[in-house]
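Notes for the one structure printed next.
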Amino acid sequence: MPIARAWQPGKERFPRFRDKTIRRNTARSTQVLLVHAALIALIGLAALGPGSPVRSQTPPGADVIIVGAGISGLSAALEAARGGVDVQFVDVWSVYGGHAVMSGGGVAIIDSDFQRAHGIVDTPELASEDFFSRGEDPDPYWVDYYTQHSRTELGHWLESLGVRWLSLNPQPGNSVRRFHRTDGRGLGLVTPIYREVLRHPNVSFRWNFRVTELLVEQGRVTGVRGEDTRSGEADELRAPRVLLATGGFQSNLEMVRRFWPAHLAEPGELLIGSGLNSVGSGHDLAREVDAGFHRMDRQWNYPWGLPHPQYPGEGRALAARNEVSIWVNGDGRRFVNELADPTVLLAAVVAQSPSAYWAIFDDDDNEGFYVSGSGWDNFQRIREEILDNALLTTQAATLAELAHAIGQDAGRLETTVTRYNTMVDQGRDEDFGRFSSAADLAPLARIDQPPFYAIQFFPMTRKSMGGVRVDRQMRVVREDGTPIPGLYASGELTGFAGVNGSAGLEGTFLGPAILTGRVAGRTLLREVSAARELRQPELKIEVDLPPRALSPTEAASCDGCHRLEALLANPRSGYAHFERVHRVVIAEQQNCGACHQELSPFDASDHVIDGQLQTQNCVHCHLVVE
Numbered sequence: 007m008p009i010a011r012a013w014q015p016g017k018e019r020f021p022r023f024r025d026k027t028i029r030r031n032t033a034r035s036t037q038v039l040l041v042h043a044a045l046i047a048l049i050g051l052a053a054l055g056p057g058s059p060v061r062s063q064t065p066p067g068a069d070v071i072i073v074g075a076g077i078s079g080l081s082a083a084l085e086a087a088r089g090g091v092d093v094q095f096v097d098v099w100s101v102y103g104g105h106a107v108m109s110g111g112g113v114a115i116i117d118s119d120f121q122r123a124h125g126i127v128d129t130p131e132l133a134s135e136d137f138f139s140r141g142e143d144p145d146p147y148w149v150d151y152y153t154q155h156s157r158t159e160l161g162h163w164l165e166s167l168g169v170r171w172l173s174l175n176p177q178p179g180n181s182v183r184r185f186h187r188t189d190g191r192g193l194g195l196v197t198p199i200y201r202e203v204l205r206h207p208n209v210s211f212r213w214n215f216r217v218t219e220l221l222v223e224q225g226r227v228t229g230v231r232g233e234d235t236r237s238g239e240a241d242e243l244r245a246p247r248v249l250l251a252t253g254g255f256q257s258n259l260e261m262v263r264r265f266w267p268a269h270l271a272e273p274g275e276l277l278i279g280s281g282l283n284s285v286g287s288g289h290d291l292a293r294e295v296d297a298g299f300h301r302m303d304r305q306w307n308y309p310w311g312l313p314h315p316q317y318p319g320e321g322r323a324l325a326a327r328n329e330v331s332i333w334v335n336g337d338g339r340r341f342v343n344e345l346a347d348p349t350v351l352l353a354a355v356v357a358q359s360p361s362a363y364w365a366i367f368d369d370d371d372n373e374g375f376y377v378s379g380s381g382w383d384n385f386q387r388i389r390e391e392i393l394d395n396a397l398l399t400t401q402a403a404t405l406a407e408l409a410h411a412i413g414q415d416a417g418r419l420e421t422t423v424t425r426y427n428t429m430v431d432q433g434r435d436e437d438f439g440r441f442s443s444a445a446d447l448a449p450l451a452r453i454d455q456p457p458f459y460a461i462q463f464f465p466m467t468r469k470s471m472g473g474v475r476v477d478r479q480m481r482v483v484r485e486d487g488t489p490i491p492g493l494y495a496s497g498e499l500t501g502f503a504g505v506n507g508s509a510g511l512e513g514t515f516l517g518p519a520i521l522t523g524r525v526a527g528r529t530l531l532r533e534v535s536a537a538r539e540l541r542q543p544e545l546k547i548e549v550d551l552p553p554r555a556l557s558p559t560e561a562a563s564c565d566g567c568h569r570l571e572a573l574l575a576n577p578r579s580g581y582a583h584f585e586r587v588h589r590v591v592i593a594e595q596q597n598c599g600a601c602h603q604e605l606s607p608f609d610a611s612d613h614v615i616d617g618q619l620q621t622q623n624c625v626h627c628h629l630v631v632e
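Numbers 7 to 632, taken from our numbering, label the letters of the sequence shown in order.
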């Protein structure tokens, strides 16, 4: 059996043309079937019209349908497919990754090789104490399982796929550094898993398919009913097992507010900071078949919501902050230790009226601005899209001018900043305890170097720590604990199985998403192997494809057939990602070969996009520079 090549971002982390590969099966027809879905999803060259029929793309004899191609679903698929299980993915989106691909990519791992190499002593017992101290009431079984198995089932497994760690970051509630920062952030964590899944000919994808109902026959879930988001045509896909891996509900403000934690004031304005499709769809599907739910009011939301510059007016947010700034409320006064625990910060922010604040800093401190997520490592991008964006950031030569521009009382803001500067000089924050000695100050400094900056932040949604009830095999259960035959769930849909309790240690969201996905995959493998004989698949062989820009004649042929300008003239259902990507192509006047060199030279009988090669092209929009 061919050995998987570790996914290597390369010297520039995600180079556009370095080490690009195409994977081919010894049977060419198998590859064509696999990449045909990617053709429709990623470039939309053969879009179906509203009246076009849609044929079921479920392979004959599929053992399981996985709803959601995020990090948990992909982890489950890889675990099952390696043993010979036939997997059919369906996803409402046209690309892989879900919420995880836009995340910071941090994973909590206990007693990892990376920790050992850095001289950090960590143990399952110490980590368990942190889980219970931080989360108060996490699920004991899953805390024990996670702390005992993260070293092998996360650390070793991810490293074997090519994931690389950059550093170990301190996070609130952790006794030692166990937050593993991924090379490439979320993109660098999800892509190696997805690429390995694509090597398996027994895994198929159907993109742009919204599941609206679970099919049930004689009390057992036997498939899904849904519609193609591009054509609008309904279809049914059948398999004896369905795994729901649809993510949380933090992009559904109605659900967020319905289950808002009782101990927190409900904010007037709340931005959305979760995945685009984290809208509770899996919760609705499970509810219709009498699934139980738990901990629905356990939400992990952030106080750092910055209106997203790429989604103006849509209420979406980036998780961003400048740790050297001070925060002032609507009255121009500081109201909290800006470096306090996120739980303390969120409670303080939502208690303000209005529930927002202004971050104030000066020109010396703007390079301390941090934005979470793939593609935000480059300060030049932060400068262009945020700090120099007048819609988000106000700049002024004096504090009085700054106050006037943001609607604050000039005298009060000047007084607030002057007092802060005096405390910096004295080495003690007498108001909120942000620092108590000169040693605590680094890298804090006076705010006195113009121009002065002000950015308004809001509370934002992020992650669901409660959801569908599952047992220890990730089978969905009813309120009475009995399993629903044929139905499974993993990842954020389950609230990460309750491992966080009431508060997360950070890195304990992506980590459990992967871990519960792998547990679900093993359950599926075990059950399918009991029903039929399984054979390990022959994996696709990796063949290098040298980079090749399309010639002017070839590029003209592409445009003559596909006419991007016309395709982007009006938004079309199911094409959101395609449209966003190809607007960048037009704006930057990119050659088609920058992403699709496998299509050259033109061959009408083999004019299909290769899914493996496409994973190298995410950097064109999600550029990552460490």
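All C-beta atoms in this analysis are idealised placements derived from N, C-alpha and C, irrespective of residue type, glycine included.
Under the Cβ criterion (8 angstroms, minimum of three pairs), the region 553-572 does not count as touching the region 101-111.
In the DSSP assignment, Met466 falls within the unbroken beta strand (DSSP E) covering 458-470. Around the CB of Pro176, fewer than 16 other CB atoms lie within 10 Å, so the residue is classed as exposed. By the neighbour-count criterion, in which 16 or more other beta carbons inside 10 Å mark a residue as buried, Asp117 falls on the buried side.
Beta-bridge partners of Tyr494 (DSSP): Leu249, Arg481. Taking a 10 Å sphere around the C-beta of Ser78, we find 16 or more other C-beta atoms and assign the residue as buried. If you draw a straight line from the Cα of Asp394 to the Cα of Arg425, it comes to about 28 angstroms. Residue Ala460 holds the alpha-carbon nearest to the alpha-carbon of Ala406 among Ala460, Asp370, Leu193, Glu159.
When DSSP states are grouped into helix, strand and coil, Val93 belongs to the strand group. Residue range 191-204 is occupied by the alpha helix (DSSP H) that includes Thr197. For a cut-off of 8 angstroms, the C-beta gap from Val98 to Val70 is around 18 angstroms, too long to register as a contact. Taking a cut-off of 8 angstroms for Cβ pairs, the region 317-325 and the region 284-300 do not touch, as fewer than three such pairs fall below it.
Within the same chain, and ignoring the five residues on either side of Val203 in sequence, the residues whose Cβ sits closer than 6 angstroms to its Cβ are Leu80, Ala83, Leu84, Val209.
By the 16-neighbour rule on beta-carbons within 10 angstroms, Val196 is buried. The beta carbon of Ala245 sits closer than 8 angstroms to those of Thr64, Ala68, Asp69, Val70, Ile71, Gln94, Thr228, Gly229, all from its chain and outside the five residues before and after it, given in chain order. Within the region 267-328, complete alpha helix (DSSP H) segments of at least 4 residues are found at 287-294, given in chain order.
Three or more Cβ pairs closer than 8 angstroms define a contact, and the region 519-530 meets that threshold against the region 494-510. By the Cβ rule, the region 146-161 counts as touching the region 514-522, because three or more pairs are nearer than 8 angstroms.
Out of Gln414, Ala362, Val474, Asp371, the CA that lies nearest to the CA of Asp454 is found in Asp371. Between the region 351-368 and the region 438-455, the count of Cβ pairs shorter than 8 angstroms is three or higher; the stretches touch. In the DSSP annotation of this structure, the continuous segment of the beta strand (DSSP E) that includes Trp364 starts and ends at 363-368. Looking at the backbone, the Cα of Asp337 and that of Gly417 are separated by about 11 angstroms. Within the same chain, and ignoring the five residues on either side of Arg478 in sequence, the residues whose Cβ sits closer than 7 angstroms to its Cβ are Tyr147. DSSP places His602 in the uninterrupted alpha helix (DSSP H) bounded by 599-602. Within the region 346-407, the complete alpha helix (DSSP H) segments at least 4 residues long are 348-356, 385-388, listed from N- to C-terminus. Assignment of Ile592 by DSSP, reduced to helix, strand and coil, places it in the helix class. The criterion of a C-beta distance shorter than 8 angstroms is satisfied by Val334 and Leu419.
Taking the Cα of Val182 as reference, the smallest distance to any Cα among Pro144, Phe138, Asp128, Ala106 is reached at Asp128. In this structure, Leu499 lies near Ala251, with their beta-carbon atoms less than 8 angstroms apart. Restricting attention to Gln596, Glu512, Val534, the CA atom closest to the CA of Leu174 is found in Glu512. Within its own chain, the residues whose Cβ lies closer than 6 angstroms to the Cβ of Val534, once the five positions on either side in sequence are excluded, are Asp69, Val91, listed in chain order.
Comparing alpha-carbon positions, the option among Ala537, Gly125, His613 lying closest to Cys567 turns out to be His613. Residue state for Pro489 is assigned as strand, using DSSP reduced to three classes. If you check the CB distance, Asp143 and Gly517 do not come in under 8 angstroms. In terms of CA proximity to Glu544, Pro207 leads the group Pro207, Gly179, His186.
Taking one beta carbon from each stretch, the region 223-243 and the region 266-280 have fewer than 3 pairs nearer than 8 angstroms; the two do not touch.
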